[in-house]
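Asker:
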């Protein structure tokens, strides 16, 4: 009996059919490999017979396996007895019999490998078991692509059949393992035989192993480690390839990743892992999966090679062959799903062969063409080719070592993929280098294009600037002449019609000027050069200014201009000039398109925003026009719009300006009923009305620059970047008709003198007409003439045109600035060019302000008046700085003076009498110890305070003395120089007398109160002191003070007489010469009697003078960039002369070194020079500190000399 162990474990009687076929499984009966089919060709039979004969000569008898000698497991080889069932029709009983008589032992190295063949193979293995106990062993094969394997063994006296393989579900195997395995019992101390029937649609290989459970586990673990390592590396390479493809979009990496991915899948299939984990219930697909996956690998390999080796450029014929190959393989893949497994596997073999052939030829051609990639590819291809050949030969039945037989393709593919990955990286690097080189070339080409475009744009900007200049020059003349004629109210020669004509001419010229400004703004907007200068801006003030500017546009229309504003200021952060421009465009359009009714300007404060709206009752805008009204050059197509005219740029520019502010213009309109334009801005703060004046006057007058609102926005940004305060204003259309407050500059008693420079006589005529009423004008038609007139007489201001022939306004401005500072001679640029670079250049060269042509009369007058105001403010500021500095020096000097008075008073304390010293302001500056004891006071509590505090302390103890000490002192109590008057006092039981003396020291004076106690009490207490006090050679303190005052008087009188002695006096009174010798004798005696360090003080005095002058010279050149000649001329302290055609200042040069310093230097001139330089460089902290230090040192020395 045979027990069949399959899905249902059915029992069969001996002789029954035991083999179950796969569904619709068929194979041809051609013999391949070592066992030849009898139906083969004769030549094959003869070779087979000779081979069998040779094998029989050296054949070993088949012996039974001694299981004890294998230690738990073994790999049978020659112990296997084989029987070829060519038709596959033998039953188990028939096979057993034929194996006994016709079975052949496997005598080749390794295990059975019969290649591709049909039929079945029967295998018998005899086991000799000498174990004492029953053991459970496992028979398994690692070649998992076998279609079906039937296993027969005896159990309890009957044969048992188990079946497994690729054609059966995975669960048919005894153990859930990728190998085809069967469990069977090993009977103790018995010999037994086991049988295998092997059937496959592919290569017939049967690497069989037998062993116990531990042996099976160890083999499984070893294969699991190597498989995990292999598949892990393959997965990493695939992920790397897909990542590089995703970032670089290089299709070569995509195909390479697909090759690695499907190559790994092929290995999973051939090793049985795919069947175990991916499709365990699909045996039919498992039979053909290896072939289908092999076809996919061949397809992706060919596609990869096409791109990697760049076959289209290497050889077009090979490239076409590769393309045809790809198409054929793709078709084979599609039809493989309906073919049987045997045909699919053969298709895969054929595709692999052609794949190797085409790729080998292409690689050789590429190498001959010097392709760098070909070297990497050929190396990898050779490695892969070896692995594929090993796989093919092994599947065809050629016997090779097991390590290479079953792992060769994996090892080769891994090495080949690694080499190709390196090649791909090298190719990518070369591509990146080529890309970078191409990118650099492209960048250079683009840069050339950009330069060309920038040059063209520069030419365009220059053209616009020149055209605007050429337009504005005649527009200035038209507007100016019209204003001159209209301003003459006394003229009776103009009729009403003529005045209307002049007014229309003026308005038309102003409209043309506005159009020029819009074109310039449009050009800046197109080039992205519109910029904002954000500051705190009062929207209410902006609206009020716009209302005044646009009111004259109403003319004779029955329109009412309404203004609705909240109280106080409404502050937002924005560009005041640009917001004014936006609002002007909106209001001007509202007036233009409103035949009658009202135009309302409103400011409404919301929660966090402020809304500015312009509402009119005009013609309105249709819904279709509202969609396009903010587009450039768009105009509403209606009779009223055509009548109003315009360019279609105003709203477009306004919308762009609001977008730069982070907002937008919103339109609400109904045709025939009017329109509402509004925009919102974030509210920053609302200031009370009282702070408005303080805010407007906070700017520094020395840095104010007025900028026309028509100028480009980048001009204001550039000026403010230099630290200037920019005030942009628009020349109002009604400027000539509005009343302007008289400036303080015009109300001066002296008329200012202005030098006007312009090469256009018409412009000179207009400026002269506008300004001659308030200023004296000097005109010049060229730069050379202007400089000549400047050398003759210095004007108070210069109005300068930039665009002049021969010598431009820039050159004239630069030369003028070398002679005069911006504070001394303001320069106002009057030009038709308003490009940022032109105006910034002029201002950087020293201009104070500029006015853009065309300009109105009142604008010109206001700007000029403002410059005169600034000039006066600058003078006041300089005077204030000088006064502040002098006040600071005065306070320091006063402090030092008091210290010297204290020292002098202390020096007078030589008699020991009580003594108080009071300065001319009544401050107690000294009190000696006897005075403190007499008056019972502590000097620390009273010094540097009013002496009246001492009087208050004495009021209760001695009212008479308190009254005498009270400041201001009674004139009757102050002693004269020749007559010292004493007054008696009584204090705390002590009596005595006191006197009030004065000491004169040059320009200072202070008082001494000297007390003398009662001498009778003193004599009774100490009689020995009488002699000393009555010493005729000793002087009392009052006598010493009188002598000091007399010496001062003598010195002053003698100095006056000696300084006034003239040569004729000495000639007439020769006796004076002898008398003057007594003065020398007195000086000699004093020098030997008194110790005065005159030499050291004189040297320090001279060094201090030179130090001050050297500092003045150094910082003047460093800060102003001007020479010592300029310092001498501008200060008007030192003389300048001409020597050999060169300007020199010998007197000033002598004060720059000790060797050349005069013997009697004039320190007042040095001090005046220092004060002048300080007023010019006061903004520089280093220069200010250095000069103040050196001047302070000089002042100390001068005062000390005066004191001595």
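In my numbering, the protein residues as written are 1 to 1204.
Glycine included, C-beta positions come from ideal geometry on N, C-alpha and C.
These figures come from a predicted structure and were not determined experimentally.
Start and end of the beta strand (DSSP E) containing residue 162?
Answerer: Here the beta strand (DSSP E) through residue 162 covers 158-164.
Asker: Are the beta-carbon atoms belonging to residue 861 and residue 851 less than 8 Å from one another?
Answerer: Against a cut-off of 8 Å, the Cβ pair of residue 851 and residue 861 comes out as no contact.
Asker: Report yes or no: do three or more beta-carbon pairs, one from the region 347-358 and one from the region 287-294, lie closer than 8 Å?
Answerer: Judged by Cβ distances under 8 Å, the region 347-358 makes contact with the region 287-294, as three or more pairs qualify.
Asker: Which residues in the same chain have their Cβ closer than 6 Å to the Cβ of residue 1014, if we skip the five residues on either side of it in sequence?
Answerer: 991 and 992.
Asker: Can residue 1197 and residue 1104 be called in contact, C-beta distance under 8 Å?
Answerer: In this structure, residue 1104 lies closer than 8 Å to residue 1197 by Cβ.
Asker: Below 8 Å, how does it come out for the region 589-606 and the region 561-573: are there three or more Cβ pairs, yes or no?
Answerer: Because the criterion of three Cβ pairs below 8 Å is met, the region 589-606 and the region 561-573 touch.
Asker: Pick helix, strand or coil for residue 292, following the three-state DSSP scheme.
Answerer: Here residue 292 sits in helix by DSSP.
Asker: Could you give the residue range of the alpha helix (DSSP H) that holds residue 314?
Answerer: 311-314 is the extent of the alpha helix (DSSP H) around residue 314.
Asker: Tell me, which residues are paired with residue 597 by DSSP?
Answerer: Note: residue 597 sits in a beta bridge opposite 559.
Asker: Determine the burial state of residue 432: buried for a count of at least 16 other Cβ atoms within 10 Å of its Cβ, exposed for fewer.
Answerer: By the 10 Å Cβ count, residue 432 comes out exposed.
Asker: Rounded to the nearest angstrom, what separates residue 824 and residue 1169 at their Cα positions?
Answerer: Approximately 17 Å, taken between the alpha carbons.
Asker: Quick one: measure Cβ to Cβ for residue 953 and residue 985, integer angstroms, because I've assumed they're closer than 8 Å.
Answerer: Not confirmed; about 14 Å, so no contact.
Asker: Between 809, 481, 289 and 1121, which lies nearest to residue 341 when the distance is taken from Cα to Cα?
Answerer: Considering only alpha carbons, the answer is 289.
Asker: Which ranges does the beta strand (DSSP E) cover as unbroken runs of at least 3 residues, wholly within the region 770-807, from first to last along the chain?
Answerer: Qualifying beta strand (DSSP E) stretches, in chain order: 775-780 and 797-800.
Asker: Leaving out five residues on either side along the sequence, give the residues of the same chain with a beta carbon under 7 Å from the beta carbon of residue 620.
Answerer: Excluding sequence neighbours, residue 620 sits near 669, 670, 671, 672, 673, 674 and 675.
Asker: To test your reading of the DSSP string, which unbroken alpha helix (DSSP H) runs of 4 or more residues are found completely within the region 1133-1204?
Answerer: Entirely contained in the region 1133-1204, the alpha helix (DSSP H) runs reaching 4 residues are, in chain order, 1146-1149, 1163-1177 and 1181-1203.
Asker: Taking Cβ positions, are residue 783 and residue 817 nearer each other than 8 Å?
Answerer: Contact flag unset, no.
Asker: For residue 276, which residues from the same chain have a beta carbon less than 8 Å from its beta carbon, with the 5 sequence-adjacent residues on both sides left out?
Answerer: These residues qualify, in order along the chain: 170, 176, 177 and 178.
Asker: Looking only at DSSP bridge pairs, what is residue 192 linked to?
Answerer: Answer is 127, bridged to residue 192.
Asker: Under 8 Å, do residue 543 and residue 610 count as touching if we go by C-beta distance?
Answerer: No. Outside cutoff.
Asker: For residue 283, is the classification buried or exposed, using 16 other Cβ atoms within 10 angstroms of its Cβ as the cut-off for buried?
Answerer: Buried, by the Cβ-count rule.
Asker: Do residue 763 and residue 801 come within 8 Å of each other at the CB atom, strictly closer than that value?
Answerer: In contact: residue 801 and residue 763 (Cβ atoms closer than 8 Å).
Asker: How would you call residue 483, buried or exposed, if buried means at least 16 neighbouring beta carbons within 10 angstroms?
Answerer: Buried: at least 16 other Cβ atoms inside 10 Å.
Asker: According to DSSP, which residues form a beta bridge with residue 852?
Answerer: Its beta-bridge partners are 831.
Asker: Roughly how many angstroms separate the alpha carbons of residue 975 and residue 983, rounded to a whole number?
Answerer: Those two C-alpha atoms are separated by around 11 Å.
Asker: Let me know if residue 1115 comes out buried or exposed under the rule of 16 or more other beta-carbons within 10 Å of its beta-carbon.
Answerer: Buried, since its Cβ has 16 or more Cβ neighbours within 10 Å.
Asker: Does the distance from the CB of residue 107 to the CB of residue 81 come in under 8 Å?
Answerer: Not closer than 8 Å, so no.
Asker: What number of angstroms, rounded off, separates the C-alpha of residue 545 from the C-alpha of residue 580?
Answerer: Going from the Cα of residue 545 to the Cα of residue 580 covers about 8 Å.
Asker: How many Å lie between residue 418 and residue 253 at the Cα?
Answerer: Cα to Cα, the separation comes out at about 13 Å.
Asker: Please report the residue range of the alpha helix (DSSP H) in which residue 344 lies.
Answerer: Looking at the DSSP string, the run of the alpha helix (DSSP H) that includes residue 344 is 341-368.
Asker: In the DSSP output, what is residue 926 paired with across the bridge?
Answerer: For residue 926, which the question treats as bridged, DSSP gives the partners 917.
Asker: Roughly how many whole angstroms lie between the Cα atoms of residue 680 and residue 512?
Answerer: Computed Cα separation, rounded: 31 Å.
Asker: Using C-beta distances below 7 Å, list every residue in its chain close to residue 1108, excluding the 5 sequence neighbours before and after it, in chain order.
Answerer: Contacts found: 1166, 1170, 1190, 1191 and 1194.
Asker: On the three-state DSSP scale, how would you describe residue 381?
Answerer: Helix, per DSSP.
Asker: Whole angstroms is fine: what's the gap from residue 743's alpha carbon to residue 622's?
Answerer: The predicted model places residue 743 with a pLDDT of 45, which falls under 50 and marks its position as unreliable; any figure quoted below should be read in that light. The straight-line gap from Cα to Cα measures roughly 49 Å.
Asker: Does DSSP classify residue 106 as helix, strand or coil?
Answerer: DSSP places residue 106 in coil when its eight states are reduced to three.
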